[in-house]
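Note that the protein sequences, when read in sequence, are chains A and B. Read in order, the letters of the first sequence are residues 5 to 122 in my numbering. Read in order, the letters of the second sequence are residues 5 to 122 in my numbering. So the structure is just underneath, and the comments pick up after that.
There are 2 protein chains.
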Amino acid sequence: MERIPILRMGNLLLVTIQVDMHDRLAMTLQDDLTARIVKDKARGVLIDISALDIVDSFIGRMISNTAAMAKILDASTVVVGMQPAVAITLVELGLKLEGVKTALNVEQGIKLLQRRED
Amino acid sequence: MERIPILRMGNLLLVTIQVDMHDRLAMTLQDDLTARIVKDKARGVLIDISALDIVDSFIGRMISNTAAMAKILDASTVVVGMQPAVAITLVELGLKLEGVKTALNVEQGIKLLQRRED
């Protein structure tokens, strides 16, 4: 599979990361996502990482960069579904998901984004 | 990755299939999904297959079986995001997604499931 699907829900976009990220896939995702934010006039992006057991510096940077791109296009990014072990590793490795908000799950993430709209 | 994440949205569950299915992954998904339907008291299941370029008889049967299991647990299943080429192939191969409703995208699928609730 060469693309990560982007699902639209109202004025939000949902991306579920399930596969190991590599350079090209990350770039394709960023291209697709920025295009979709503009096309769908999205105000928020939810990135679900519940399937990821490991978030290394590459994925962390990819998520931060994606959030930065979304922000320029006036969309907020929320990372949802982070596993406890991933949170521990991020802190232990000193990795920061800069410019990214987090929420426990998709529902909480949607609420967070909708609050920001009000 | 050994699991396909199941996302909860209200009383609906969303599954995005992005990776090649094999026996064990399909069984894990069915176990997880039936458990989640009961735990979350879900009334509907959305299966997004927009990332799939090919739906063969194995995946078709897996989707039908999953829908049948969900139905016994009183949850309706809607397949969303089918690519045009997949629809063509399904018909040409004579594969039927029995017991499964389809919708163009997640939003339409949510509307379809909510109509059934009313």
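All residues carry an ideal CB built from backbone N, CA and C; glycine is no exception.
Item	Value
For the putative contact between Ala30 of chain B and Pro9 of chain A, defined by C-beta atoms under 8 Å, what is the C-beta separation to the nearest angstrom?	That belief does not hold up - the Cβ atoms of Ala30 of chain B and Pro9 of chain A are roughly 19 Å apart, past 8 Å.
Where does Asp35 of chain B land, buried or exposed, given buried means 16+ other C-beta within 10 angstroms?	exposed
Count the other C-beta atoms from every protein chain shown that fall within 10 angstroms of the C-beta of Thr70 of chain B, then say buried if there are 16 or more, exposed otherwise.	buried
Taking just the CA atoms, how far does Asp44 of chain A sit from Lys100 of chain A?	29 Å
Would you tell me roughly how many angstroms separate the C-alpha atoms of Val104 of chain B and Leu117 of chain A, rounded to the nearest one?	32 Å
Would you say Thr20 of chain B reaches chain A, if we count a Cβ-Cβ gap shorter than 9 Å as a contact?	yes
Compare the Cα-Cα distances from Ile67 of chain B to each of B:Ala39, B:Arg120 and B:Ile21 and report the closest residue.	B:Ile21
Excluding sequence positions up to five away, which residues of its chain have a Cβ less than 8 Å from the Cβ of Met73 of chain B?	Gln34, Leu37 and Thr38
At a CB-CB cut-off below 8 Å, which residues of chain A make contact with Glu111 of chain B?	Arg12, Met13 and Gly14
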